[in-house]
Amino acid sequence: MATTTVDTNAIDLAAYVARAVEPSDPSPAVGADEPRDFSPFERVADGRRALSAAVRADERRDLLPTERLADERRDLPSPEHLAVVPRDERTVDLAGARAAVAALLTALGRDTGSEHLADTPRRVADAYVEMLTPRPFTLTTFPNDEGYDELVLVRDVPFHSLCEHHLLPFHGVAHIAYLPGERIVGLSKLARVLEHLARDLQVQERLTQQVADLLDQHLAPRGVGVVLEAEHMCMALRGVGVTGSRTVTSALRGVLREDARSRAEFLALVGVGTGGRHPGT
Ligand SMILES: [Zn+2]
């Protein structure tokens, strides 16, 4: 309890997130009365707690964080080809969805009998079903025969998803990285993981975590880093009406979360956390 570990990289990240997310941000992801998993600030605080604990443990065991994690992960099973299928069996009532769109149009004072709107309920319902149906794919992995142990990063992967609070899109780019363990993964699969999870009613924070967790659990790498930058149409088209503002979220696992140098390398390659020192560090 008396030990205080100050990690400047964690503070840099917190400051970066603080800068990236406007204080007046009305995003439903941080709405006070709406469900959400965590805030970026809570996550960074949590990461720092974990880091402090890890450093204390390492002092006892005289191991670097990297070595300790590699040691812990040695016993994990090595996945090879994992079929990623829709997460649960949601039933879609297409006729019900079309009727509901027609009811919404009527409630908004629109004439669904007009020639222009006659087929709109079908088109809207079909579009939502398509946007909310994840496509199955196989997470193909290969033995890391070359023993590659440096960061693998795919930058600027475009994505779009649907905000679960307004049913409006948010879209942007993702940066997805991992530190290989015993297996490596086809690079296009990193984008497929994101696309698979984005076809859902989402909040950006949860999507970021889900991408990191899926890779962490099914690839068993030494570390995972995911940064999402997205513009939310529910901010741009309504409410505050801000266009061009981007929300940044990150999720770090394994060595990238616990080892300051690995994390700094990842954030530098992504372009995060390179803004220099901040007051208090
Ligand atoms: Zn929204």
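FYI, in UniProt numbering the residues of the sequence shown are 1 to 281. For glycine and all other residues, C-beta sits at the position ideal for the given N, C-alpha and C.
Rounded separation between residue i and residue j - CA only
| i | j | result |
| --- | --- | --- |
| D259 | G271 | 18 Å |
| P134 | G172 | 18 Å |
| T141 | G223 | 16 Å |
| D216 | A236 | 33 Å |
| residue 283 | A125 | In the structure as shown, the chain starts at 1 and stops at 281, and residue 283 therefore has no counterpart that could be examined. |
| S24 | E146 | Any reading at S24 must be qualified, since the residue scores a pLDDT of 40, below 50, and its modelled position is unreliable; the value itself is stated next. Looking at the two C-alpha atoms, the distance is approximately 49 Å. |
| V226 | G96 | 37 Å |
| G113 | G241 | 32 Å |
| A251 | L187 | 19 Å |
| E130 | L94 | 11 Å |
| F170 | A268 | 25 Å |
| R238 | L108 | 17 Å |
Burial state of residue i (16 or more Cβ within 10 Å)
| i | result |
| --- | --- |
| H196 | buried |
| L104 | exposed |
| S27 | For S27, the pLDDT reaches just 41, beneath the cut-off of 50, and the residue's location in the model is therefore unreliable, although a value from the coordinates is still provided. S27 should be labelled buried. |
| T106 | exposed |
| R261 | exposed |
| L167 | exposed |
| L194 | buried |
| T91 | exposed |
| A264 | buried |
Backbone secondary structure at residue i - three-state DSSP
| i | result |
| --- | --- |
| L168 | coil |
Anticipated Cβ contact below 8 Å, residue i with residue j, distance rounded
| i | j | result |
| --- | --- | --- |
| Y128 | I184 | With a Cβ gap of about 36 Å, Y128 and I184 do not count as contacting. |
| A212 | H160 | Going by Cβ atoms, the distance from A212 to H160 rounds to 19 Å, so no, they are not a contact pair. |
| L139 | K189 | 5 Å |
| V101 | L179 | Rounded, the Cβ-Cβ distance is 46 Å, inconsistent with contact. |
| H232 | T247 | 6 Å |
| N144 | E182 | 6 Å |
| A174 | F266 | A174 to F266, Cβ: 13 Å. No contact. |
Completely contained alpha helix (DSSP H) runs for the region 80 to 152, where each covers 4 or more residues
Runs of the alpha helix (DSSP H) inside the region 80 to 152: 94 to 107 and 120 to 131.
Threshold first: 4 residues or longer. Then list the alpha helix (DSSP H) segments lying entirely within the region 199 to 249, N to C.
The region 199 to 249 contains these whole alpha helix (DSSP H) runs: 204 to 219 and 233 to 236.
Give the list of continuous beta strand (DSSP E) stretches no shorter than 3 residues that lie fully inside the region 249 to 274.
Complete beta strand (DSSP E) runs here, min 3: none at all.
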